[in-house]
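*Asks:* Protein sequence lines correspond, in order, to chains A and B. Each residue of the first sequence is one higher than the one before, counting from 1 in the working numbering. Each residue of the second sequence is one higher than the one before, counting from 745 in the working numbering.
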Amino acid sequence: MGRLRTIGRRSFLIGSAAVMGGVAFGTYMVQAPHDNPLAKDLAEGSATFNPWVLISPEKITLIAPHADKGQGVSSAQAALIAEELDVEFGQFEVSFGKPDPAYWNHAMSEEGLPFKSTDDRWAVERARATMGGALKVMGMQGTGGSTAMADSFHKLREAGAAARETLKLAASNRTGVPVSELKTANAAVQLPDGTEIKYTELAGEAAQIEPVRFVKLRDPSEWRLIGKPMQRLDILGKSTGTLDYGIDVEIEGMVHATICVNPRQGGVMKGYKENGAREMRGVIDIVEITNGVAVVADNTWRAFQAINAIECDWGDAPYPHEQADHWTAIEDSFVEAQLDDEWRNDGDVDAASGEEITAEYRSPYVAHAPMEPLNAIVQVTDARVDIWTGHQMPIILEQQIAALTEHDVENVHFHNQWIGGSFGHRLELDYIKQAAEIANQMRGTPVKMTYTREEDFAHDFPRHIAMGRASGKVADGKVVSMSLDIAAPSVLGSQMSRVGITVPGADAQIPAGSWNNPYALANFRMRSYRAPELAPVSSWRAVGAPGAGFFFDSFLDELIHAAGADPMEERLRLINHKPSRKVLEEVAALSNWGSEMGENQGRGVAFIESFGAPVAEVIEVTQSDAGIKIDKAFVVADVGTVVDPINFENLVMGGAIFGMGHAMNCEITYSDGMAEQSNYHAHEAMRMYQCPEIVIKGLENGHKIRGMGEPTVPPAAPALGNAIFAATGQRIREMPFHKHIDFV
Amino acid sequence: MEFTVNGEKREADVEYDMPLLWVLRDELGLKGTKYGCGVAQCGACTVHVDGVAVRSCQLAAGEAEGSDITTIEGLGTPETLHAVQEAWVEHQVAQCGYCQSGQIMQAAALLDQDPEPSDEVIDIVMSGNLCRCGTYPRIRAAVHTAAKKLQEA
């Protein structure tokens with residue numbers, strides 16, 4: 001995410017003007033200011049009530065516009081509509097829909113402003129609404145920042161309710177029975193005499209009626225789907241190999257391509273030697289693209305073989321070639337001139353008295369490396385461009401490709417696909433642009449471009465590196481002050497620069513997960529420093545919080561130990577936000593915190609709030625001759641409302657595993673300007689034998705619904721580091737931990 | 745070259761060294777078997793060759809010629825699920841799901857060899873199959889469930 005936020009900022013004036021012009025923010029899309037895209041090509045006899053519900057005489061189609069990269073959001077969106085529409089799983093189809101401004105994401109505004117998520121003062125809520133207005137005016141559809149449920153929770157239920165009431169009205173018009181005497185269930189309107197009229201039978205009549213607008217949503221006590229375990233709609237396809245991801249899509253006449261671009265990212269290609277690649281079996285063409293070369297063949301593997309035969313002469317990278325120089329650039333950034341913002345300055349950290357502790361922390365570059373290597377199918381003709389791939393920012397995608405192929409944007413058609421993991425990489429556009437560059441040179445032919453895994457690593461935009469310099473004081477068994485300075489390149493600046501936008505203001509992701517902590521430390525200062533742009537970086541699951549949160553919580557743990565206090569009790573003493581306190585209390589209870597542990601065992605706790613969701617994790621480890629073994633993990637998270645307990649557990653578990661695995665053994669380092677890690681053997685995160693039992697509990701005390709894709713990632717690293725300290729006395733201040741300690 | 749794939753005779757005009765993975769995907773149109781790493785590091789391409797779980801990205805077509813190959817599509821179908829697939833659905837293992845064809849094929853081969861595997865055996869055998877969404881605890885549970893189903897069958 002992030003990219004929306006900055007566009008939002010730039011367009012703030014538009015948003016403000018909209019507020020003054022009387023646009024009513026806070027009412028949702030049932031009264032859409034954007035046209036309903038489903039109304040454009042509506043077939044005779046079909047009805048659409050809003051951008052999410054389409055009913056024909058044959059079937060019911062629900063539009064789930066948030067991209068599904070594995071987080072189960074297609075099912076969750078459908079469930080929200082179905083809850084109020086009174087249709088059951090199996091009675092409707094789900095479509096990703098076509099990109100459209102009507103699907104703008106209003107929840108992106110939450111993360112776009114420098115307020116703590118717990119801050120719900122009127123002025124803050126007003127600012128959020130204004131930012132939301134800007135996104136609405138721009139029609140910014142997008143998936144990211146764990147916003148899908150926050151964006152959808154009200155408006156999709158309202159969409160379902162409005163459609164239901166309109167269908168009832170159509171039934172009333174047909175039968176003469178008053179609406180108040182009609183009921184709905186199982187995709188049908190029920191008359192008092194028990195007769196049922198299927199929604200599909202009412203479509204034609206409903207289409208003639210102005211859709212009902214204001215509908216009261218059902219009380220949570222009446223929910224039959226939300227909060228109950230669901231069987232996600234893609235589970236059968238994903239368990240039988242029958243669900244097509246983007247990489248599996250076939251378009252008639254399609255050819256297979258792969259690319260090699262300068263692994264010194266952003267560097268030019270000075271020239272290349274084909275070395276007989278053109279004569280290799282199956283090779284159709286070799287074409288130049290920006291900073292690299294592409295092979296087009298009749299089979300993916302033949303394209304791979306040919307690209308490996310080609311020898312390229314690469315130009316220099318626009319960043320330091322050696323990793324050590326990247327770190328030097330970060331170290332040199334802790335200076336007044338590069339101060340990005342002072343996020344907190346409570347009390348007086350300098351005047352506080354006590355025993356002083358200082359420490360320095362590091363967080364490395366890390367790759368996204370989703371299991372499905374990046375790929376895209378593009379077909380360019382003189383009249384139009386069609387794109388089949390999975391992506392999180394469809395509107396920006398269409399704009400960027402239109403600029404590249406010089407088509408009008410309304411002639412660029414993106415067909416979103418199931419995504420085999422993203423972790424942020426599917427926010428980037430290079431792979432689609434590269435496919436479009438090839439297709440543009442062979443107009444008419446659909447080109448499927450697939451990265452080799454090696455290209456995927458070489459051409460990733462990894463998580464940014466960061467350093468934290470911390471100091472604090474302890475006295476009388478308590479933590480009395482803490483100061484944390486973080487220096488990092490701006491991930492938002494880097495990401496946005498690739499779509500031609502300069503980011504004004506401080507980057508809230510540099511200190512994310514640290515400045516917004518809910519502790520009542522009498523003396524607390526948090527400053528961020530903006531390092532120069534180094535290797536190009538991008539949002540990686542939870543963005544800034546996995547690094548900054550690791551620094552903050554690990555150092556807090558250091559201070560607590562120095563004070564001689566108990567890590568759980570001291571955190572509970574300091575925490576002053578009720579739902580966050582509850583999360584910590586629950587994880588203490590769940591993990592039986594304080595109970596006796598065996599020899600060489602230790603447990604650590606960490607608490608971080610990111611994307612509005614407070615999460616606490618306790619990890620237990622054992623030290624053996626072979627190394628550290630993770631025995632068990634406990635995760636408690638507050639999401640406001642759990643939509644599907646099964647999916648909730650999956651995301652929580654997956655986030656914790658992602659956080660632990662990368663903290664243990666993943667980093668991207670640069671040498672000669674190129675990423676040194678080329679495949680999973682050098683960047684494998686967690687495998688099954690290292691995966692502990694994980695006990696999970698979801699809480700619903702927060703007053704807003706939150707997404708769970710990201711917030712359980714950040715606490716995993718500090719909880720693991722704190723556990724290792726408890727077991728061994730060794731404090732690890734740098735990820736990946738395996739540079740300092742072995743794991744079983 | 746001729747292969748028996750999911751019980752049917754199939755032919756492909758390919759180089760000796762084209763990996764079976766790409767024969768299946770790009771020549772025979774069987775897309776359930778996934779490309780993940782190309783170097784036997786992730787297991788997404790796992791299929792059964794003469795009953796043995798094999799990384800199809802590492803097996804040359806020429807070496808597979810004449811073999812009896814089972815892919816995820818041949819293990820079971822949405823209408824007639826294999827016990828392992830049934831367990832995968834019941835436990836709702838998949839998130840992004842991209843690695844799951846390989847996980848399921850590996851698990852089915854494991855249960856052929858060891859009908860009642862311990863957690864330790866599951867961990868050892870399944871650790872070659874990478875999942876980046878973090879479904880491992882559910883995979884473990886689903887393997888146990890599948891083992892029970894197969895024993896009861």
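Built from N, CA and C at the ideal position, the CB exists for glycine as well.
Using a beta-carbon distance below 8 Å, is leucine 855 of chain B in contact with chain A?
*Replies:* On the second sequence, residue 855 of chain B is found 111 positions in, with the first residue counted as 1. No - not a single Cβ of chain A is within 8 Å of the one on leucine 855 of chain B.
*Asks:* Could you compute how far the alpha carbon of tyrosine 680 of chain A sits from the alpha carbon of arginine 213 of chain A?
*Replies:* Against the first sequence, residue 680 of chain A aligns to sequence position 680. Against the first sequence, residue 213 of chain A aligns to sequence position 213. Their Cα atoms are separated by approximately 52 Å.
*Asks:* Please state whether the Cβ-Cβ distance between leucine 894 of chain B and proline 859 of chain B is less than 8 Å.
*Replies:* On the second sequence, position 150 is the one that residue 894 of chain B refers to. On the second sequence, position 115 is the one that residue 859 of chain B refers to. Cβ atoms of leucine 894 of chain B and proline 859 of chain B: closer than 8 Å.
*Asks:* In three-state DSSP terms, what is phenylalanine 743 of chain A?
*Replies:* Position 743 of the first sequence, counted from the first residue, corresponds to residue 743 of chain A. Note: phenylalanine 743 of chain A maps to strand in three-state DSSP.
*Asks:* If alanine 207 of chain A sits next to serine 46 of chain A, beta carbons under 8 Å apart, how far is it from one beta carbon to the other, in whole angstroms?
*Replies:* Here residue 207 of chain A refers to the residue found at position 207 when the first sequence is read from its first residue. Here residue 46 of chain A refers to the residue found at position 46 when the first sequence is read from its first residue. Right, the Cβ-Cβ distance comes to about 6 Å (below 8 Å), so this counts as a contact.
*Asks:* Do three or more CB pairs link the segment 125-132 of chain A to the segment 369-382 of chain A at distances below 8 Å?
*Replies:* No, they do not touch.
*Asks:* I need the straight-line Cα distance from valine 796 of chain B to lysine 216 of chain A, nearest angstrom please.
*Replies:* Along the second sequence, one-based indexing puts residue 796 of chain B at 52. Along the first sequence, one-based indexing puts residue 216 of chain A at 216. Valine 796 of chain B and lysine 216 of chain A: Cα-Cα distance of roughly 58 Å.
*Asks:* Run through DSSP, which three-state label would glutamate 755 of chain B get?
*Replies:* Taking the first residue of the second sequence as 1, we reach residue 755 of chain B at position 11. It is a strand residue.
*Asks:* For a contact defined as C-beta to C-beta under 9 Å, what are the partners of tyrosine 760 of chain B on chain A?
*Replies:* As a first step, residue 760 of chain B must be located in the second sequence, where it is residue number 16. Near tyrosine 760 of chain B there are no residues of chain A at all, since even the closest Cβ is about 12 Å away, more than 9 Å.
*Asks:* Span of the alpha helix (DSSP H) holding glutamine 829 of chain B?
*Replies:* Along the second sequence, read from residue 1 onward, the residue named residue 829 of chain B stands at position 85. Note, glutamine 829 of chain B: alpha helix (DSSP H), 827-834.
*Asks:* Among residues of its own chain, excluding the 5 on either side of glutamate 355 of chain A, which ones have a beta-carbon nearer than 6 Å to its beta-carbon?
*Replies:* By one-based count along the first sequence, residue 355 of chain A stands at place 355. Hits under 6 Å: Val474.
*Asks:* Assuming alanine 531 of chain A contacts isoleucine 330 of chain A (C-beta within less than 8 Å), just tell me the rounded distance between them.
*Replies:* One-based indexing of the first sequence puts residue 531 of chain A at position 531. One-based indexing of the first sequence puts residue 330 of chain A at position 330. 5 Å between Cβ atoms; contact.
*Asks:* Consult DSSP for asparagine 173 of chain A and reduce its assignment to one of helix, strand or coil.
*Replies:* Start at 1 with the first residue of the first sequence, and residue 173 of chain A comes out as number 173. Of the three classes helix, strand and coil, the one that applies to asparagine 173 of chain A here is helix, per DSSP.
*Asks:* Is the distance from the Cβ of leucine 803 of chain B to the Cβ of leucine 855 of chain B below 8 Å?
*Replies:* Counted from its first residue, the second sequence places residue 803 of chain B at position 59. Counted from its first residue, the second sequence places residue 855 of chain B at position 111. Their beta carbons are not under 8 Å apart, which means leucine 803 of chain B does not touch leucine 855 of chain B by this criterion.
*Asks:* In the DSSP assignment, what are the bridge partners of tyrosine 245 of chain A?
*Replies:* What you label residue 245 of chain A is simply residue 245 of the first sequence in a count that begins at 1. DSSP lists A/Trp418 as partners of tyrosine 245 of chain A.
*Asks:* In terms of alpha-carbon separation, which member of A/Gly72, A/Trp52, A/Pro37 and A/Asp41 lies closest to methionine 651 of chain A?
*Replies:* For the purposes of this step, residue 651 of chain A is taken as residue 651 along the first sequence, with counting starting at 1. Looking at the sequence itself, residue 651 of chain A is leucine, so the reference to methionine does not match. Considering only alpha carbons, the answer is A/Gly72.
*Asks:* Leaving out five residues before and five after glutamine 839 of chain B in sequence, what residues of the same chain have Cβ atoms less than 7 Å from its Cβ?
*Replies:* As a position in the second sequence, residue 839 of chain B is number 95, starting the count at 1. So the qualifying residues of the chain are Cys877 and Thr879.
*Asks:* Using only alpha-carbon positions, find the residue among A/Glu322, A/Lys273, A/Thr290 and A/Pro320 that is nearest to isoleucine 307 of chain A.
*Replies:* On the first sequence, position 307 is the one that residue 307 of chain A refers to. If we check each option's Cα against that of isoleucine 307 of chain A, A/Lys273 comes out closest.
*Asks:* Would you mind reading off the limits of the alpha helix (DSSP H) that contains asparagine 647 of chain A?
*Replies:* On the first sequence, position 647 is the one that residue 647 of chain A refers to. Unbroken alpha helix (DSSP H) run through asparagine 647 of chain A: 645-665.
*Asks:* Got a sec: is the Cβ-Cβ distance from alanine 723 of chain A to anything in chain B below 8 Å?
*Replies:* Looking up residue 723 of chain A in the first sequence gives position 723. Chain B contact via Cβ: absent.
*Asks:* For threonine 748 of chain B and aspartate 812 of chain B, I'd like the C-alpha separation in whole angstroms.
*Replies:* Indexing the second sequence from 1 puts residue 748 of chain B at position 4. Indexing the second sequence from 1 puts residue 812 of chain B at position 68. Those two C-alpha atoms are separated by around 5 Å.
*Asks:* Whole angstroms are fine: how far does the CA of glutamate 586 of chain A sit from the CA of aspartate 566 of chain A?
*Replies:* Position 566 of the first sequence holds residue 566 of chain A. Position 586 of the first sequence holds residue 586 of chain A. Using only the alpha carbons, I get a separation of about 16 Å.
*Asks:* What residues match up with cysteine 312 of chain A in a beta bridge as DSSP calls it?
*Replies:* Taking the first residue of the first sequence as 1, we reach residue 312 of chain A at position 312. In DSSP, cysteine 312 of chain A forms a bridge with A/Tyr272.
*Asks:* Isoleucine 694 of chain A versus chain B: which residues are under 8 Å apart at the beta carbon?
*Replies:* For the purposes of this step, residue 694 of chain A is taken as the residue at position 694 of the first sequence. Here the neighbours are Pro881.
*Asks:* Quick check: the Cα distance between lysine 198 of chain A and glutamate 684 of chain A, rounded to an integer number of angstroms?
*Replies:* Position 198 of the first sequence holds residue 198 of chain A. Position 684 of the first sequence holds residue 684 of chain A. Going from the Cα of lysine 198 of chain A to the Cα of glutamate 684 of chain A covers about 51 Å.
*Asks:* I want to see whether chain B comes within less than 8 Å of glycine 421 of chain A, judged by CB atoms only; does it?
*Replies:* Walking along the first sequence from the start, residue 421 of chain A turns up at place 421. Glycine 421 of chain A counts as touching chain B.
*Asks:* Keeping to the same chain, check which residues put their C-beta closer than 6 Å to that of aspartate 770 of chain B; ignore five residues upstream and five downstream.
*Replies:* Here residue 770 of chain B is taken as the residue at index 26 of the second sequence, counted from 1. Closer than 6 Å at the Cβ level, and outside the excluded window around aspartate 770 of chain B, lies no residue.
*Asks:* Could you say which of A/Glu196, A/Met149, A/Leu720 and A/Ala161 lies nearest to serine 172 of chain A if we only look at CA atoms?
*Replies:* Numbered from 1 along the first sequence, position 172 holds the residue referred to as residue 172 of chain A. When only C-alpha atoms are compared, the closest one is A/Glu196.
*Asks:* Compare the Cα-Cα distances from phenylalanine 555 of chain A to each of A/Glu570, A/Glu88, A/Tyr361 and A/Ser422 and report the closest residue.
*Replies:* The residue you call residue 555 of chain A lines up with position 555 of the first sequence. Measuring from the Cα of phenylalanine 555 of chain A, the nearest candidate turns out to be A/Tyr361.
*Asks:* For a test of the three-state rule: what should DSSP assign to methionine 482 of chain A, helix, strand or coil?
*Replies:* In the first sequence, residue 482 of chain A corresponds to position 482, counting from 1. The answer is strand: DSSP assigns methionine 482 of chain A an E or B state.
*Asks:* List the residues of chain A whose Cβ lies closer than 7 Å to the Cβ of valine 833 of chain B, in chain order.
*Replies:* Numbered from its first residue, the second sequence carries residue 833 of chain B at position 89. Those within 7 Å of valine 833 of chain B in chain A are Ile235, Leu236 and Ser239.
*Asks:* Within 10 angstroms of the Cβ of histidine 464 of chain A, are there 16 or more other Cβ atoms? Answer buried if so, exposed if not.
*Replies:* Counting from 1 along the first sequence, the entry for residue 464 of chain A is found at position 464. Classification for histidine 464 of chain A: buried.
*Asks:* Given aspartate 863 of chain B, which residues of its chain have a CB within under 8 Å of its CB, disregarding the five upstream and five downstream residues?
*Replies:* In the second sequence, residue 863 of chain B corresponds to position 119, counting from 1. Counting only Cβ-Cβ distances below 8 Å, and skipping sequence neighbours, we find Arg884.
*Asks:* Please confirm whether isoleucine 419 of chain A and lysine 69 of chain A have their CB atoms less than 8 Å apart.
*Replies:* Position 419 of the first sequence holds residue 419 of chain A. Position 69 of the first sequence holds residue 69 of chain A. Going by C-beta atoms, isoleucine 419 of chain A is nearer than 8 Å to lysine 69 of chain A.
*Asks:* Tell me, please, whether the CB atom of threonine 790 of chain B is closer than 8 Å to any CB atom in chain A?
*Replies:* Here the question's residue 790 of chain B lines up with position 46 in the second sequence. So no, threonine 790 of chain B is outside the interface.
*Asks:* Among residues of its own chain, excluding the 5 on either side of glutamine 844 of chain B, which ones have a beta-carbon nearer than 6 Å to its beta-carbon?
*Replies:* On the second sequence, position 100 is the one that residue 844 of chain B refers to. Cβ neighbours of glutamine 844 of chain B beyond the five flanking positions: Ala838.
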